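Here the sequence shown is numbered in this note's numbering, starting from 2 and rising by one per residue.
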Amino acid sequence: MQIRLDKFLADAGVGTRSEVKSIIRRKGVTINGECVVKPETKLNPDTDEVAVNGSSVVKRGNVTYLLHKPAGYVCATEDKRFPTVMELVPQARDLFPVGRLDKDTEGLLLITNDGEMAHRMLSPRSHVDKTYLAVLDRPAEDAFAALFAGGVDIGDDTPTLPAKLEICETDHPALAYLPEEYRTGLRAGQAVLLTIHEGRYHQVKRMFHAVGREVIYLKRLSFGPLVLPLSLKKGEAVPCDAENIKNA
Ligand code: URA
2 MQIRLDKFLA DAGVGTRSEV KSIIRRKGVT INGECVVKPE TKLNPDTDEV AVNGSSVVKR
62 GNVTYLLHKP AGYVCATEDK RFPTVMELVP QARDLFPVGR LDKDTEGLLL ITNDGEMAHR
122 MLSPRSHVDK TYLAVLDRPA EDAFAALFAG GVDIGDDTPT LPAKLEICET DHPALAYLPE
182 EYRTGLRAGQ AVLLTIHEGR YHQVKRMFHA VGREVIYLKR LSFGPLVLPL SLKKGEAVPC
242 DAENIKNA
């Protein structure tokens, strides 16, 4: 597969797209020993040898980070108003978030350059499980579990797919993920675990709204086979083992 020289260099972490264009124009780049001055020059990253100022550049393989997303960051590669999750991972140039969490949602988010994996994790046909810990404005009722298992009308063309609701007692181990301010004074049934297999816009908030509750805190604890490590602090990212994701 042929790709543009400037994209190859940016993806390899040499610089931003505009920085690498300027290096190319200043005659700093060779392909197979020949100086190239056009950023749009095509090359085969598997067979052509590219060097910047005499040092050879290797194609970056797939990288994936598991990020503990804090509230306040948006899941986008760029945003004019808010900080983006890309600011929280190293060498983020060719990476992108796998799906979205709302700005005020915390929890497990993958950031990758692996388009095939992202597609597999997000495809509606894959039905990848996502488990959320939510704190509600008032305790959940036992009847919600059956309602969610049957699918609820959240105003879309079709009801939600069957989802699994677990209503948490105040000693449930998952509550260890809650920030202190939500743990103190929490009433039995106010915290819930909801596992869904789709990714509709504001889905968890809209499902609870449909049964008369508002979500006041939301955190994603798992995505497919991946679980948010309890020890991973908000804003921290760790490289993620591709093998784990393959089994999703
Ligand atoms: N559902 C929501 O309502 N918000 C999220 O961020 C994720 C799922």
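Just so you know, even glycine gets a beta-carbon here, dropped at the ideal spot from N, CA and C. Note that the structure is a prediction, hence the values are computed from the model and not measured.
Expressed to the nearest angstrom, what Euclidean distance is found between the alpha-carbon atoms of residue i and residue j?
i, j, result
"V53", "N45", "16 Å"
"N63", "D115", "6 Å"
"D271", "A72", "Here the chain covers residues 2 to 249 and nothing more, so residue 271 does not appear."
"V38", "V21", "11 Å"
"H203", "T113", "22 Å"
"D49", "D80", "35 Å"
"T78", "T65", "15 Å"
"V51", "S19", "18 Å"
"G14", "E88", "15 Å"
"I155", "R201", "10 Å"
"S57", "P160", "54 Å"
"G55", "H173", "59 Å"
So does residue i have its beta carbon nearer than 7 Å to some heavy atom of the ligand URA?
i, result
"T106", "yes"
"Q3", "no"
"Q204", "yes"
"D103", "yes"
"L219", "yes"
"Y74", "no"
"Y133", "yes"
Under the rule that 16 or more other beta-carbon atoms within 10 Å means buried, what is residue i, buried or exposed?
i, result
"R94", "buried"
"S17", "Note that residue 17 is Thr in the sequence shown, not Ser. Exposed, since its Cβ has fewer than 16 Cβ neighbours within 10 Å."
"M118", "buried"
"G108", "buried"
"K254", "Residue coverage of the chain in this structure runs from 2 to 249, which leaves residue 254 outside it and unanswerable."
"L10", "buried"
"K131", "buried"
"D12", "buried"
"M2", "exposed"
"T185", "exposed"
"A141", "buried"
"F209", "buried"
Just to confirm, is the Cβ distance from residue i to residue j under 8 Å?
i, j, result
"H198", "L162", "yes"
"Y74", "V86", "yes"
"L166", "V193", "yes"
"M148", "T171", "Position check: residue 148 holds Leu in this sequence, whereas Met was assumed. It is not a contact, given that the beta carbons lie outside the stated cut-off."
"L123", "V99", "yes"
"V90", "L111", "no"
"D158", "E215", "no"
"G190", "I168", "yes"
"K220", "Y133", "yes"
"F304", "V239", "This structure gives no information on residue 304, because the portion of the chain shown stretches from 2 to 249."
"Y178", "L231", "yes"
"E35", "R5", "no"
"C241", "L229", "no"
With a cut-off of 8 Å on the beta carbons, I'd call residue i and residue j a contact; round off their distance for me.
i, j, result
"D7", "I32", "The Cβ separation is near 12 Å, so there is no contact."
"V136", "F224", "Actually they do not touch by this definition, with Cβ atoms about 20 Å apart."
"L102", "C76", "6 Å"
"A164", "T196", "6 Å"
With respect to 7 Å, is the separation between the Cβ of residue i and the closest non-hydrogen atom of the ligand SAH below this value?
i, result
"C36", "The model depicted lacks the ligand SAH and carries the ligand URA instead."
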